[in-house]
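Structure first, commentary second.
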Amino acid sequence: MTQRNQRGACAGALGGALGFYVIAGATPLGTEWGPVLLRRRDGEPTGKMPVAVMAESSFSFRKLLDQCENQELEAPGGIATPAVYGQLLALYLLHNDMNNARYLWKRIPPAIKSANSELGGIWSVGQRIWQRDFPGIYSTINAHQWSEAVQPIMEALRDATRRRAFALVSQAYTSIIADDFAAFVGLPVEEAVKGILEQGWQADSTTRMVMPKKPGRWSSLNSEATAGFQVLPMNNLIQSSTMPTA
């Protein structure tokens with residue numbers, strides 16, 4: 001496979017994997033927490049999809065991951081294109097596969113890293129994930145202008161992080177400051193509180209405290225959503241562990 005064809009195959013597979021839809025940001029709308037808003041490529045919304053059925057698209061991302069891994073293995077001289085490296089690195093983060101993400105980052109040639117700033121941007125998100133810095137994950141994702149091939153993956157990563165954060169809070173806290181909770185799930189305070197009230201949580205406007213409802217219909221999601229994430233107090237979200245920067 002030529003480098004030109006290799007560059008298009010993995011990136012082009014993303015459109016096929018997602019069909020005619022792209023993922024827009026997940027925000028609390030209606031009566032469901034964190035639904036994903038799907039839009040057709042012409043920009044028209046198709047409606048809400050609850051987080052609980054988000055896994056419908058996970059198969060497509062897994063298929064894309066397999067394709068990108070094969071592209072790297074088959075690359076001439078063992079060196080893939082920046083587009084393949086970028087998608088593969090982002091997909092490892094989406095699947096919370098931090099070991100493979102770290103090994104991939106280490107084997108990407110330095111010249112490719114330095115010439116393609118998006119790779120460093122993706123890796124900076126990975127560092128925030130490694131540090132369990134949830135607010136930092138959202139801010140780092142939002143701070144970059146991602147390429148068309150990478151953007152849907154990063155948006156899916158942001159939504160997956162939000163689901164993990166929601167599940168962790170519902171499991172670990174009897175009460176939490178509203179501002180801390182909003183930062184944890186990456187939403188404005190008013191929007192975050194509106195969403196949890198619609199899910200049966202309680203909020204005190206005087207003390208600005210949020211009281212989570214223990215997992216009910218979310219229980220089937222919690223084991224997957226929190227996989228690999230230690231339950232930590234808010235002031236310990238940023239850990240001292242570090243990942244390689246080069």
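The opening residue of the sequence shown carries number 1 in the UniProt record's numbering; numbering runs sequentially from there. C-beta: ideal position from N, C-alpha, C; glycine also.
In whole angstroms, what is the alpha-carbon distance linking Ala192 and Pro212? 12 Å
Quick test of the definition: if touching needs 3 or more C-beta pairs under 8 Å, does the stretch 152-159 touch the stretch 196-214? no
For residue 248 versus Val210, is the C-beta spacing smaller than 9 Å? The structure shown does not extend to residue 248, since the chain spans only 1 to 246, so no value can be given for it.
Cross-strand partners of Ile176 (DSSP beta bridge): Val210
I'd like to know whether the C-beta atoms of Trp130 and Leu89 end up nearer to each other than 9 Å. no
I think Ile153 touches Leu94, with their Cβ atoms under 8 Å apart; what is that distance to the nearest whole Å? 6 Å
Using DSSP with H/G/I as helix, E/B as strand and the rest coil, what is Ala203? strand
What separation, rounded to the nearest whole angstrom, lies between the Cα atoms of Pro76 and Ala182? 46 Å
Along the alpha helix (DSSP H) that carries Pro135, what are the first and last residues, could you check? 134-142
Comparing C-alpha positions only, which one of Trp201, Pro135, Gly126 sits nearest to Pro188? Pro135
Is Arg107 near the ligand SAH, with its Cβ less than 8 Å from a heavy atom? As presented, the structure is devoid of all ligands, the ligand SAH included, so that no description of it is given.
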